[in-house]
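The next block holds one structure in the form of structure tokens; read it before the comments.
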Amino acid sequence: MAYKYLVIVESPAKAKTIEKYLGKNYKVVASAGHVRDLPKSKMGVDVENNYEPHYISIRGKGELIRNLKKYVKKADKVYLAADPDREGEAIAWHLATLFGLDKEDKNRVVFNEITKEAVKEAFKEPRALNMDLIDAQQARRILDRLVGYNISPILWKKVKKGLSAGRVQSVALKLIIDRENEIRRFKPEEYWTIGGNFKKQTKKFKAAFYGVDGKKKALSNAEDVKEVMSKLNGKDFEVAKVVKKERKRNPALPFTTSSLQQEAARKLNFRTRKTMMVAQQLYEGIAIGRGGAVGLITYMRTDSTRIADSAKGEAAGFIQETYGKEYTATEVKVTKKAQGAQDAHEAIRPSSVLRTPEEVEKYLSKDQLKLYKLIWSRFVASQMKPAIFDTMTVDLVQNDVLFRANGSKVKFPGFTKVYIEGTDDGSEEKENILPDMEKGDLVKSVDMEPKQHFTQPPPRFTEARLVKALEENGVGRPSTYAPTLETIQRRYYVALKSKRFEPTELGEIVNGLIVDFFPQIVDIHFTAEMEKELDEIGVGHQKWVTVIDKFYQPFKIELEKAEEGIEKIQIKDEPAGFDCELCGHPMVIKMGRYGKFYACSNFPECRNTKAIVKDTGITCPTCGKGHIIERKSKKNRLFYGCDQYPTCEFVSWDKPIGRNCPKCDHYLVEKKLRGGKQIQCSNCDYKEEAQK
């Protein structure tokens, strides 16, 4: 089919969607990401010649490049429509270089959403390639190559093969290990609380001990509790003070990449990688009935919370019509972006608020619908009025002992009609309505419950918490978080246990070496400052060669010291305590890419290996002979199976507990839920609370 104009985008899904919008004069093809990169086999950066990068065509893309060349030759004009960020700008530049296109020509097209209107509008105003954005991407790529390809060989030589170090991954690993050290050093401290149930006439409410003589008092031990309780000598408490206030709660801002990753982890239980993959699908286009494919959300790699005026107007109309004028925000909160942040495009929002989750549900997969609903709800809520709560604080006194009750009720729901932001601990604000009370009223104490507690160590990082920590410290960029978290797990520097990161012995060894010999690499302030300088290249305020040279000259000296100073670390094999059944030599515990495993000490003559499994001591409910053992899937997910496999093929994601269901006699399992654990039947609807 004849065409006049060729458009090159990144992905085939995007190509299909855009070709429908542009008409028969346009041919849209995909480059499938980058076509050129630094070579994998060597550094590819000439440090003696202004850090000149040596790019080559990516291996395996030869046929694709040849096909693209044929398309380019047939076209009167070529448009480069890669994604609207630095990476997309660099892909467009590599395509222009590879196919000999004029770099000054206005052939770069960018759009923040893949809708017919946005795409057609973008093609009316193509621009030339932006060399500042390209230089910023090149600088980041070269910097990461200088770090990775210089430190990794030292780790191979001194520790073991297959290890790696990187600018952002080394900081992420250090954050996890620093937190683990905090947990190890933590000493729990005892404290007590006294909770009280009270009633005014027939209405019951709760209050907690606050202090004595109008001053807050901490209860450090049982003696403190006895002293307070000895002062109480009756059921009657007097209302000493009532404070009524009105409190406003503003909606959360629309999503940036990192806030989307965090909220999808909290609310949908999505891993960071999964969030980005599903978001990419929603951005590139989904076939919606007769209208064909349309991009349902705006570009999903952004650190901006800005919203286009047209989107604000559409949202205001929708909110007024659906919820009423009183819910439509008159003024929407905005935040000031840091200098140099990529504010070229908007926050992540639906391309049209009129495409409600209910309307598109039948066209989406379960995961696509969940994420779209999250993005749609967050955006709509961000354009609504704040929620208003009536709060009430009541002080109850008897013999100078003060109990305090806090209550709140919703006066105006505002944005909470649509969306409430998640929290790291899964808690949500709940209404607590107190009975009407005035100063001087008497209320009755029903009972008192003193409780002993101990302070808890800081929690280990979940994916959401780690992304938040990296963002708050200015380390990396939102698009780098998913691959960073994947790398530190793939290298077995950390393991994800109960959805929290724990460092491995190997991770601690690697981190110790980098902290000792390359302190700048893991210095959060240094890494954040480097990010700012990379941002400044993107807006033309710095030259990329100057920034790289400023980093590399001191780094080169550190490399020389490390080569001489790091002694070879022998990761010793631990005795396993039994012999190899194949050759009779002792078995040992070795450290591998995916953790520890049993291996024969007579390697390489004997190559016998075994997975390390944990015996739960529970008899298999299927065969009645074997024991249930903990195993791991290829994706490192824990499951339970019979040790008589393959004779017995029993498997379960949930841990059997060794009892049968009183209702149907099938085996019971321990199910992990967000709020804790529960015992459930593997066959029927029987449930019981798990013992703590």
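Throughout, the numbering used here is defined as the position within the sequence shown, counted from one, plus 24.
Think of the CB as a built atom: it goes at the ideal place given N, C-alpha and C, for glycine as much as any other residue.
Bounds of the alpha helix (DSSP H) holding K40 are 36-46. With contacts defined as CB atoms closer than 9 Å, V69 and L170 qualify as a contacting pair. With the rule of 3 Cβ pairs closer than 8 Å, the segment 426-438 counts as touching the segment 226-238.
By the C-beta criterion, the segment 41-56 is judged to be in contact with the segment 303-319, since at least 3 inter-stretch pairs fall below 8 Å. Within the DSSP bridge table, the entry for H651 names T643 as partners. Q566 sits in coil when the DSSP states are folded into three classes, being neither helix nor strand.
Around the beta carbon of W677, fewer than 16 other beta carbons sit within 10 angstroms, so the residue counts as exposed. For K94, the three-state secondary structure derived from DSSP is helix.
Contact check between the segment 160-170 and the segment 517-535: fewer than three CB pairs, one atom from each, fall below 8 Å, which does not count as touching. For R297, the enclosing alpha helix (DSSP H) has its first and last residue at 296-308. In the structure shown, V133 falls within a coil segment according to DSSP collapsed to helix, strand and coil. The beta carbon of A276 sits closer than 6 Å to those of E445, all from its chain and outside the five residues before and after it, given in chain order. About 6 Å separates the CB atoms of V96 and L30; that is less than 8 Å, so the two are in contact. Between E370 and T440, the C-beta spacing is not below 9 Å.
Counted as a single uninterrupted DSSP element, the beta strand (DSSP E) harbouring W216 occupies residues 214-224. Assignment of F478 by DSSP, reduced to helix, strand and coil, places it in the strand class. Three or more pairs of CB atoms, one per stretch, sit closer than 8 Å, so the segment 676-690 contacts the segment 637-656.
Between V418 and G431, the C-beta spacing is below 9 Å. The segment 496-531 contains, as complete beta strand (DSSP E) runs of 3+ residues, the segments 518-521, 524-527 (chain order). Within the segment 125-185, no run of beta strand (DSSP E) reaches 3 residues while sitting entirely inside it.
For M615, the secondary structure class from DSSP, reduced to helix, strand or coil, is strand. The segment 216-231 makes no contact with the segment 530-539: fewer than 3 CB pairs, one atom from each, lie closer than 8 Å.
A straight line joining the alpha-carbon of I572 with that of K556 spans about 13 Å. The segment 72-124 contains, as complete beta strand (DSSP E) runs of 3+ residues, the segments 101-104 (chain order). In the DSSP annotation of this structure, V263 is not part of any alpha helix (DSSP H); the continuous beta strand (DSSP E) holding it starts and ends at 260-273. Under the DSSP assignment, F342 falls in the alpha helix (DSSP H) whose first and last residues are 333-347. DSSP places Y691 inside the beta strand (DSSP E), whose first and last residues are 691-697. For G650 against C666, the beta-carbon gap comes to about 4 Å, under 8 Å, which counts as contact.
Between the segment 52-68 and the segment 328-339, the count of Cβ pairs shorter than 8 Å is below three; the stretches do not touch. If you draw a straight line from the Cα of A54 to the Cα of L88, it is about 9 Å long. Distance from the Cα of K250 is smallest, within the candidate group E582, V499, I613, E473, for E473. If you compare the alpha carbons of W568, P578, I652 with that of E76, the shortest gap goes to W568.
The Cβ atoms of I32 and A146 do not sit closer than 9 Å to each other. In this structure, L458 keeps its C-beta atom at 9 Å or more from the C-beta atom of E262.
Your pair A488 and R290 checks out as a contact, with CB atoms roughly 6 Å apart and the cut at 8 Å. Residue burial annotation: V252 is buried, with at least 16 other C-beta atoms found within 10 angstroms of its C-beta.
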